[in-house]
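So that you can map any letter, position 135 of the sequence shown is 199 in the numbering used here, and since no number is skipped, the others follow by simple counting. Quick notes on the structure that follows.
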Amino acid sequence: MKVCVIGGAGYIGSHAVLELVKDGHDVVVIDNLSTGTMDAVDEKARFYLGDITDEIKLREIFTEETKLGHFDAVMHFAAKIVVPESVSHPLEYYHNNVEGVRIMLKTMVNQGIKNVIFSSTAAVYGDVKKDVCTEEDELKPINPYGESKLASERMIHWVAQAYDMNYCIFRYFNVAGAHESLKIGLKRDNLTHIIPITVQTALKLRDSMVVFGDDYLTPDGTCIRDYIHVADLAFAHVLGMKYIVNGNKSATINLGSSTGYSVKQVIDEVSLHLPVNFSIGPRRPGDPAKLIASSDRAKELLGWIPKRTLKDIILTDLNFRRKHEIR
Ligand SMILES: NC(=O)c1ccc[n+]([C@@H]2O[C@H](COP(=O)([O-])OP(=O)(O)OC[C@H]3O[C@@H](n4cnc5c(N)ncnc54)[C@H](O)[C@@H]3O)[C@@H](O)[C@H]2O)c1
């Protein structure tokens, strides 16, 4: 199949590109390199520097590429994703994340491209009150980032209905780890995710880390979350693309493991490799004790089951940081 990956130079998009290339697809990447890097893009993909909010540029690229063959699908990873920044700069988030999706969909409609795969997030659920989150749960984002993704989801739904298109929307939970080749992984500054922070602490790139609360109603008192390896997540996109291109009904699907690990378990796992200096701080407002994705739908519709474990996630992130000396 021929697929356009918008945002394919970023953390998750570059892994999706690799999985698509491995599965034998013809891959075109469009990215403005705002957070992504060229060296993350597999050399078998054709790269175009472009911004998804630039309608003229997007049309040019699609017109040029369509001469070589019609696109079967478009994948969208081209979002701004920093929650606190979305609170301080909401207009930028609505412009990039929502207007970008509108222009992408308009271009697809004009070019007759029928299938779209969209990266969404557990942030669309907001403050989840249940231990296990299903796709039917209430959608109530609590920040502009989550709102921008939900607005995009809804736009995709209505546009697909109006123009006879198919979509697969994936809501990710905690994505981490690096590719086993160690060529690509998470390089971002100001990381807020627990796994890279724990690994950075173990590598002495941080003096210490804080565990926010150890008095939750969980076996060891620390919060439990659902972690998914980025390569497993990326592979789900290949399955999702085949699913809709083969004529199945559009779907919105959680990508998680249905399994949870506590913050303490993450620290213990990293400590098997290197000691981690941490202290216990107060709870953060809004942090639920336990948040796990139901992955039943992903298994049922796509036959997707994550293969990698917490051990694999931590080891690949650790080795990636060591190899590239990434802070
Ligand atoms: N990383 C996570 O934990 C996580 C969790 C849930 C959902 N997501 C979603 O996954 C997607 C990818 O996230 P990521 O972690 O790979 O982020 P990332 O910042 O590494 O990747 C985003 C990519 O999109 C590009 N981009 C951004 N705006 C663009 C624009 N206007 N035009 C063209 N390219 C643009 C960036 O240069 C970058 O290469 C996002 O849609 C995000 O909402 C990520």
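All C-beta atoms in this analysis are idealised placements derived from N, C-alpha and C, irrespective of residue type, glycine included. Because the structure is a prediction, the values reported are computed rather than measured.
- request: Return the chain-ordered list of same chain residues with a C-beta closer than 6 Å to the C-beta of residue 204, the five sequence neighbours on each side being excluded.
  value: 190
- request: Report yes or no: do three or more beta-carbon pairs, one from the segment 339-357 and one from the segment 296-312, lie closer than 8 Å?
  value: no
Distance cut-off 7 Å: residue 183 Cβ against heavy atoms of ligand 1: yes
- prompt: Closer than 7 Å: is that where the CB of residue 242 sits relative to any heavy atom of ligand 1?
  reply: no
message: At a threshold of 7 Å, does residue 126 count as lining ligand 3 (C-beta to nearest heavy atom)?
response: This structure lacks ligand 3; its bound ligands are ligand 1.
query: Taking just the CA atoms, how far does residue 243 sit from residue 232?
result: 24 Å
- request: Within 10 angstroms of the Cβ of residue 225, are there 16 or more other Cβ atoms? Answer buried if so, exposed if not.
  value: exposed
message: Nearer than 7 Å: is that true of the beta carbon of residue 20 relative to any heavy atom of ligand 1?
response: Absent from the structure is residue 20, since the part of the chain shown begins at 65 and ends at 391.
task: With hydrogens ignored, establish whether the beta-carbon of residue 289 is closer than 7 Å to any heavy atom of ligand 1.
output: no
- prompt: From residue 330 to residue 281, what does the alpha carbon distance come to, in whole angstroms?
  reply: 17 Å
message: DSSP three-state label for residue 242, please.
response: coil
task: Could you tell me the boundaries of the alpha helix (DSSP H) in which residue 306 lies?
output: 294-309
- request: Check the C-beta distance from residue 144 over to residue 160 and give it rounded, since I have them as a contact under 8 Å.
  value: 5 Å
message: So, with DSSP's three-state summary, where would you put residue 366?
response: helix
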